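Each residue of the sequence shown is one higher than the one before, counting from 1285 in this note's numbering.
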Amino acid sequence: MTTESDVRPAAVGEITYESTSRFAQVRPDLKLHYHEAGVGNGPTIVLLHGGGPGASSWSNFAKNIPVLAEDFHVLAVDQPGFGQSDKPTEHPQYFVHSASALKDLLDTLGITERVHLLGNSLGGGAATRFALDYPDRAGKLVLMGPGGLSTNLFAPDPTEGVKLLSKFNFEPTKENLEAFLRIMVFDQKLITPELVEERFASASQPESLAATRAMGKSFAGPDFAKGMIWRDAFKLRQPVLMIWGREDRVNPIDGALVALKMVPRVQLHVFGGCGHWAQLEKFDEFNRLATDFLLGVKEK
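Shown next, in the form of structure tokens:
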């Protein structure tokens, strides 16, 4: 494993971007960036971010990492093509691509026990694919509006969020990025000028655009069926907690219904007044819900 420090001013409590930043050369042609906190705590939980423009593990989970690190060894991973990780454009279906990269990361770090996985949107699909492809390495799953596992029964496809994502990919302007970010949340105050600027600076880089387009192309490639995770959901043996925002305009709430029927050991929690970023819009409730589920705490 190779590690490097990455200096960038951003602090959340006592945990900063730079103090948790790590790199690992997981293959000769793939280096991944991740954040590590709660070293010495256990069990290990892997956080996988969504697939929006400029997304990264820090942009999705910076505020959650210090809270989760009180009970867990936290690895918040920039998936391939995002953040500071390498951005290959030749790869298999994206969920397979990300899941296999995570397996190689865990091997590189010498983590052989089961890890819990917490995934948002694209990261929820990658987490589920990991559990399906490497069942002996996956513990419990917390999935927020997961891609691939949900299939809409009533809402049209593509959804409003997917349309705006595609619009940015083909016309990467700051205005299109802000339009996409604003449909991600119910509380519009979360979309600040600073957030738009930060996400645009990352998303508009040529290598980021190329990686995002390659990711989208993989969902229509010859192994596209690997992205239709709901078809294999019955094979999951891990306990699964699905968390949805009632006002989710990216993966609408009706998408949960098929997974709710297919996954053997599943439960669903729905937040009203919440969009696609439950981990931020319902911060305290989300952290408590996820932690209690993963630690096996029973309600009184």
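All residues carry an ideal CB built from backbone N, CA and C; glycine is no exception.
None of the values given here were measured: they were computed from a predicted structure.
With C-beta atoms as the reference, is residue i less than 9 Å away from residue j?
i     : j     : result
S1450 : H1333 : no
K1424 : P1523 : yes
V1469 : H1560 : yes
M1428 : G1409 : no
V1480 : D1388 : no
T1496 : P1337 : yes
M1512 : Y1378 : no
P1430 : A1543 : yes
A1385 : L1401 : no
G1432 : W1514 : yes
Counting only the same chain and skipping the five closest in sequence on each side, list residues whose C-beta sits under 7 Å from that of residue i.
i     : result
K1519 : L1416
F1567 : K1347
S1382 : Q1363, P1364 and A1410
A1540 : S1434, M1526, W1528 and L1552
E1491 : K1371
Would you kindly work out how many angstroms separate the C-alpha atoms of residue i and residue j, rounded to a whole number?
i     : j     : result
I1349 : L1331 : 9 Å
R1530 : V1399 : 28 Å
T1304 : A1346 : 11 Å
A1562 : P1506 : 33 Å
G1412 : P1477 : Before going on, a small fix: residue 1412 reads as Thr here, not Gly. Each residue's Cα considered, the two are about 33 Å apart.
L1474 : F1484 : 16 Å
S1434 : D1538 : 8 Å
H1357 : N1571 : 15 Å
G1557 : E1565 : 8 Å
L1579 : F1307 : 28 Å
L1493 : A1487 : 7 Å
K1510 : D1516 : 9 Å
L1314 : V1380 : 15 Å
A1360 : G1335 : 14 Å
P1312 : S1343 : 27 Å
T1575 : E1569 : 10 Å
A1504 : T1373 : 14 Å
For residue i, which residues in the same chain have their Cβ closer than 6 Å to its Cβ, ignoring the five residues on either side in sequence?
i     : result
D1362 : H1317, S1340, S1341, Q1368 and S1369
K1458 : F1484
N1535 : G1429 and S1434
F1577 : L1525
V1426 : L1402, L1525 and A1574
F1555 : G1529, A1562 and K1566
With DSSP as the reference, please indicate the residues paired to residue i in a beta bridge.
i     : result
S1305 : H1319
M1526 : L1427 and L1552
L1332 : V1361 and G1403
A1422 : V1399
Just to confirm my understanding: we take residue i, look at its own chain, exclude 5 residues before and 5 after, and list those with CB closer than 8 Å. What are they?
i     : result
L1448 : N1460, A1463, F1464 and I1467
I1299 : A1321, I1349, P1350 and A1353
T1392 : M1285, A1308, Q1309 and V1310
V1446 : V1534
H1375 : P1364, H1381, A1498 and S1502
K1545 : none
L1437 : D1538, G1539, L1541 and V1542
Could you say if the region 1321-1331 and the region 1369-1384 meet the contact criterion of at least three C-beta pairs nearer than 8 Å? no
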